[in-house]
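Residue numbers (this note's numbering): 959 to 1166.
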Amino acid sequence: VGPATMSALITDRHYGDIKALSKDLARALNVELRDMVSRGVDIIQFAEVLTFFDPADWVVEAINIALDGIDAYKVIHICYGQQEGQPGVTELRGAKLFPWLWDINCDQIQYEMCSHGFHQSDIDAISTIPADKDFGVGVVNGKSLVAESPQDVAAGIRRVTDVIPPERLMVWTDCTLTGIKHIVAKRKIESIVAVTEIGRPELLGTRM
């Protein structure tokens, strides 16, 4: 997880100031990320459970400290509290998170959308994406034991490509699938693969 989330999860017996704690954690994480990149890592990702916070500049600042000078493709996963299948928190919707999150100095924001039903408020919010960022859309729900069909996945992708160019779109699970049975997780991933392999040429040309 990222520095803002770490600062909310750990026991603080020294700082008494979550902002200062998160920034020092970010500096430590930055050292680790630089070492990873020096060893050949070209993509890095960490998650921030921003449902812990109201949008605040110090959160973005801490994340940017962690990413400073990192010469790799940088992805930030916005987590909605997925943990071993727990329902999580969904009150903090995209309308509050965007455009606030666009100030993160990363290459891609990855965002859970399937569990939200690709709600119009989320579509409207992500439509403000700046030209220098890609978007990662979560298209299968790790909190549900029902495996989405390829048609379900395709429908969700279509909603997002109405507002984000397909060449700047990556397809993901909403979050981890560790809380569901392997056979269900496998079928969810198979639906993603079916759509991305079959639909990519059509998407980049006409439509799926």
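For each residue, glycine too, the CB sits at the ideal point set by N, CA and C.
Since we're looking at a predicted model, the values are computed, not measured.
- Pairing aspartate 1120 with alanine 978, the inter-Cα distance amounts to about 40 Å.
- The beta carbon of glutamine 1003 is closer than 8 Å to those of Lys1032, Val1033, Ile1034, His1035 and Gln1068 in its chain, skipping five residues each way along the sequence.
- Distance check between glutamate 1019 and each of Val999, Asn1063, Tyr1038 and Ile1001 places Asn1063 closest, using alpha-carbon atoms only.
- Across the structure, glycine 1094 and glutamine 1066 are spaced so that their CA atoms are roughly 7 Å apart.
- Of the residues assessed, proline 961 falls on the buried side of the cut-off, its CB having 16 or more other CB atoms within 10 angstroms.
- Rounded to the nearest whole angstrom, the CA to CA distance from phenylalanine 1076 to alanine 1143 is 20 Å.
- With a 10 Å radius around the Cβ and a threshold of 16 neighbouring Cβ atoms, isoleucine 968 comes out exposed.
- Look at valine 1129 here: in three-state DSSP terms it is strand.
- Taking threonine 963 as the centre and dropping the five residues before and after it, the same chain places the C-beta of Glu1006 and Val1007 closer than 6 Å to its C-beta, in chain order.
- Boundaries of the alpha helix (DSSP H) harbouring isoleucine 1021: 1015–1025, taken from the DSSP string.
- In this structure, aspartate 1000 sits away from alanine 1024, with a CB-CB distance that is not shorter than 8 Å.
- Annotation: the continuous alpha helix (DSSP H) that includes glycine 1114 extends over 1108–1119.
- Annotation for leucine 1135: Gly1100 and Ala1143 place their beta carbon closer than 6 Å to its own, counting only its chain and skipping 5 residues before and after.
- DSSP, read as helix, strand or coil, puts alanine 1005 in strand.
- Apart from sequence neighbours up to five positions away, the residues of its chain that approach arginine 985 with a beta-carbon distance below 7 Å are Ile1023, ordered along the chain.
- The segment 1054–1102 is shown to contain whole alpha helix (DSSP H) runs of 4 or more residues at 1078–1084, in chain order.
- Apart from the 5 residues on each side of it in sequence, isoleucine 976 sits with its Cβ closer than 6 Å to the Cβ of Ser965 in its chain, given in chain order.
- When the five nearest sequence neighbours on each side are left out, the beta carbons in the same chain lying within less than 6 Å of the beta carbon of tryptophan 1060 are those of Pro1088, in order along the chain.
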